[in-house]
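Asks: What follows is a single structure, and I will ask about it in a moment.
Residue numbers (this note's numbering), protein chains in the order written: chain A, 2 to 148; chain B, 136 to 637.
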C-alpha cells in the first residue's frame, strides 16, 4: 500500500517538454474550476435572468454606446497613428506629441455633455499644453524614449 | 548611517512631498485610486534614480490612500474603496456643518495609522525576511499558494476568486519557459505568429496600467462619463470646531484600528475596504458609546481612516520580505523595483540596507507631509473633486501610453498590451471575476512555475510538498485555515440571507 501510494505520487519531468508541465496542470485546474463555477454560479444566475430577476452583464445593461465604443475607437486610432507618425520622425517623440494633441481634444469633446465655448476652449488649451508639457519634461529633460 | 544621510537631498524630500500632493489629488477624485496614481506616474521614475523614484512613489501611495477621505466626507462618495466607512460618519457630520472638523479628525487618524504601520513595517519586515531566507523552492511555492488562497478567500465568492487567480497564473505563463530560470526556452500558450511579440510574455507594467488605468476609463465611459461633480455643493462648515480633545478616550480605538489596518494590509491582495470595514465594525462592537456611530460620530472616522492608512505599512511587509505584494498598489511598486533592476524578496533588505532606510524615511516623511498638506490646505485641495473628467481622462490615457512605451525602451507592442488588458480588465469586472487575485496570480505565476517544477525535478515526488519541513506543514495548515475561514463566512452569510428571507 505504502509503495503504491509513493509510486502514484512519484513524477519525472522530461526536460524537452518541461515547458508544458506546469501549464498542463493549470489547464486542468482552470477547466475544473470553470465547470464548478458553471454549476454553482452561472446556471443559477442564468435561471435568475430567465425569471427576469437579474440582467446579463454588458448585453442586458444600458450603456452609453457612443462614449464606450468611441473611447475604444479613439484609443485604437491613437495608438496606431502614434507609431505611424513616430516612424516618420524616429527618436524625436514627435509621433507622441503631434498625435496626442488631437486625441486629447477629441476625447475631451466626446466626454463633454454640454458644449459651451468656455468648456471647448479649456479643452483645446489642455490638448495643446498637456502633451507639450509631458513631451518636454519626459523626452527632452529626462531623455525618455517616446514614440 | 552617514551614507544614508548623503542619499537624502532636497530633491528627495521635494519628490516625496510632490508625490503626496499628487496622490491626495488622485485619491480625492472619485474613481481614481492610489494604484492608478502610482501606475500613471511611473514613467516619471524612469529618469530618477531608485531612491528618488521610491520617494515619489511612496508619497503617491500614502497621499492616494489618504485623499479618499475628501469626497467621502464632503460628497458621500468614497474617493477610494477603502474610505467607504468614512462616508458613514463623515457625511452626516458635513451635513451638520462640521465638514472641516470631520476632515481634520480623519487627517489626524490617518497620520497615526500611517506612522504606526510604518513602525510595524520597520520592526517586522527584516525579521520575516531573515526567517524566509532559509526557504527552499518547496516552501516558496507553498508561500505563493498561501498568498493566492488568502486572496481568493477574501473575495466575494471564493470559487470565483480562485478561478481569477488561476487565470492570472495562466496569463503569466504565456511566453517562453525561460532558460535563465532553468527552463528549456520553448514558447507555449500562443500562436507561432505572435512569437516576435510575446517571446517574453506580456510585460508586467503595461498589464497593470491597462487593467487599472484604461479599464477604469472604459467602465466610466460605459456609464457615459457623468458630468463630474461641478453642480454639487461642497459644504465645509465653520472653520473652527476641531480640537485634539476629540481624540480623548479614543486612543484604544486609534491603536486597535491601526493594527487591524496593518494586519489586513499584510494579507496579500486584500483590498483596503476590508481593513476599514473590519476596524469600523470592531469599534462598533467594542465601544461602549457606539450608538451614535453612523450618525456622525468622530469615533467612526477615527476607526475607518486610521485603518485605511495603516494599510500602507502593512502591505509593504510581504512585498519587502517575501516579494509578494500586499495589495494592488504594491503590485505596481514591484514593477518600479524591477525597472531599477532590483529584485524584491527575502534578500532585499540585507542586500540593500541603504535603500531600506531610505524607503522608511520616505514613508514616514510622506505621512508627515500628507498631514500638513491636508490639515492646513484641505479647503483648497477639496476643490479638485470638482475638476471635470473630460479634462482628466484624456490626460490619464496619455500618461498610460508613456508609461507602457518607455518601460522596455520603446516597444509599441507594450502600448497595445495596454488596450488588450484594458478591454480584458473591463470584461473581467463586468462578468464578475475579481481583479486583485488575477493580478497577484499574474505577478507570482512565473515564480510559482519555477518553484513547483524545480521541486519536483529535485525530489521526484509530489509528496515532497507535505514532507519537506515543519514549515511546509505549517503553511499547509494556514492554507487550510484560510479556506475553512472563507467557507464558514460564506455559510454564515447564506444562513443570514435565508433568515432574512423568511
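All residues carry an ideal CB built from backbone N, CA and C; glycine is no exception. For clarity, every value in this text was computed on a predicted model and none was experimentally measured.
Rounded to the nearest angstrom, what separates residue 603 (chain B) and residue 150 (chain B) at their Cα positions?
Replies: 46 Å
Asks: In the DSSP assignment, find the unbroken alpha helix (DSSP H) run with residue 144 (chain A) in it and report its ends.
Replies: Careful: residue 144 (chain A) lies outside any alpha helix (DSSP H) and carries neither H nor E.
Asks: Any C-beta of chain A sitting closer than 7 Å to the C-beta of residue 565 (chain B)?
Replies: For residue 565 (chain B), the closest Cβ of chain A is nearer than 7 Å.
Asks: Does DSSP put residue 310 (chain B) in a helix, a strand or coil?
Replies: strand
Asks: Let me see if you follow: with CB-CB separation under 7 Å, is residue 103 (chain A) close to chain B or not?
Replies: Taking Cβ atoms only, chain B never reaches closer than 7 Å to residue 103 (chain A), which makes this a no.
Asks: As a quick exercise: from B:193, B:519 and B:465, pick the residue whose alpha carbon is nearest that of residue 160 (chain B).
Replies: Nearest C-alpha to residue 160 (chain B): B:519.
Asks: Tell me whether residue 1 (chain A) is buried or exposed, calling it buried when 16 or more other Cβ atoms sit within 10 Å of its Cβ.
Replies: A question about residue 1 (chain A) goes unanswered here, because the residues of chain A that appear run from 2 up to 148.
Asks: At a cut of 8 Å, does the stretch 210-229 of chain B reach the stretch 431-444 of chain B through at least three beta carbon pairs?
Replies: yes
Asks: Taking Cβ positions only, does residue 533 (chain B) come closer than 7 Å to chain A?
Replies: yes
Asks: Tell me the start and end of each unbroken alpha helix (DSSP H) in the stretch 62-124 of chain A that is at least 4 residues and wholly inside, in chain order.
Replies: Listed in chain order, they are 66-89 and 95-112.
Asks: Three Cβ pairs or more, each shorter than 8 Å: is that satisfied between the stretch 267-278 of chain B and the stretch 527-547 of chain B?
Replies: no
Asks: Among all the DSSP beta bridges, which residues are the ones paired with residue 596 (chain B)?
Replies: A:11
Asks: The alpha helix (DSSP H) with residue 555 (chain B) in it runs from where to where?
Replies: Run containing residue 555 (chain B): 547-565, per the alpha helix (DSSP H) assignment.
Asks: For a contact meaning CB atoms closer than 7 Å, what does residue 592 (chain B) contact in chain A?
Replies: 14
Asks: Would you be able to state if there are at least three C-beta pairs under 8 Å between the stretch 294-313 of chain B and the stretch 335-353 of chain B?
Replies: yes
Asks: With the cut-off set at 7 Å, would you say residue 76 (chain A) and residue 554 (chain B) are in Cβ contact?
Replies: yes
Asks: Strictly under 7 Å for the Cβ-Cβ distance: is residue 598 (chain B) near chain A by that measure?
Replies: True, the Cβ-Cβ gap to chain A drops below 7 Å.
Asks: Are the C-beta of residue 211 (chain B) and some C-beta of chain A separated by less than 7 Å?
Replies: Taking CB atoms only, residue 211 (chain B) has no neighbour in chain A less than 7 Å away.
Asks: Along the chain, which unbroken stretches of the alpha helix (DSSP H) at least 4 residues long are found entirely within the stretch 227-283 of chain B?
Replies: 234-267
Asks: Three-state secondary structure (DSSP) at residue 391 (chain B)?
Replies: Residue 391 (chain B) sits in a helix when the DSSP states are folded into three classes.
Asks: Is the CB of residue 366 (chain B) under 7 Å away from at least one CB in chain A?
Replies: Confidence in residue 366 (chain B) is poor, its pLDDT being 48 and thus under 50, which makes the residue's placement unreliable; the coordinate value appears in the next sentence. Chain A places no beta carbon closer than 7 Å to that of residue 366 (chain B), leaving this residue out of the contacts.
Asks: If you measure between the beta carbons of residue 452 (chain B) and residue 260 (chain B), is that distance less than 7 Å?
Replies: yes
Asks: Cβ atoms of residue 96 (chain A) and residue 148 (chain A): under 7 Å apart, would you say?
Replies: Taking C-beta atoms as the reference points, residue 148 (chain A) and residue 96 (chain A) count as a pair closer than 7 Å.
Asks: Hey, is residue 611 (chain B)'s beta-carbon within less than 7 Å of any beta-carbon in chain A?
Replies: It does not: the Cβ of residue 611 (chain B) has no partner Cβ on chain A nearer than 7 Å.
Asks: So with Cβ pairs under 7 Å, would you call residue 293 (chain B) a contact of chain A?
Replies: no
Asks: For residue 331 (chain B), does the count of other Cβ atoms within 10 angstroms reach 16, so buried, or fall short, so exposed?
Replies: exposed
Asks: Are residue 538 (chain B) and residue 177 (chain B) closer than 7 Å when you measure CB to CB?
Replies: Note that the C-beta distance between residue 538 (chain B) and residue 177 (chain B) is below 7 Å.
Asks: Name the DSSP bridge partner or partners of residue 323 (chain B)?
Replies: B:310
Asks: Determine the chain B residues that contact residue 95 (chain A) at a beta-carbon separation under 7 Å, and present them in chain order.
Replies: The premise fails here: residue 95 (chain A) is roughly 14 Å from chain B at the closest Cβ pair, so nothing lies under 7 Å.
Asks: What residue range is occupied by the uninterrupted alpha helix (DSSP H) comprising residue 529 (chain B)?
Replies: 524-542
Asks: Between the Cα of residue 512 (chain B) and those of B:577, B:322 and B:235, spot the shortest distance and give me the residue it belongs to.
Replies: B:235
Asks: In angstroms with no decimal places, state the Cα-to-Cα distance between residue 343 (chain B) and residue 467 (chain B).
Replies: 7 Å
Asks: State the Cα-Cα distance for the pair residue 483 (chain B) and residue 454 (chain B), rounded to the nearest angstrom.
Replies: 10 Å
Asks: If we count the other Cβ atoms within 10 Å of its Cβ and call it buried at 16 or more, is residue 434 (chain B) buried or exposed?
Replies: The residue is buried, with at least 16 neighbouring Cβ atoms inside 10 Å.
Asks: Residue 125 (chain A) CB to nearest chain B CB: under 7 Å?
Replies: no
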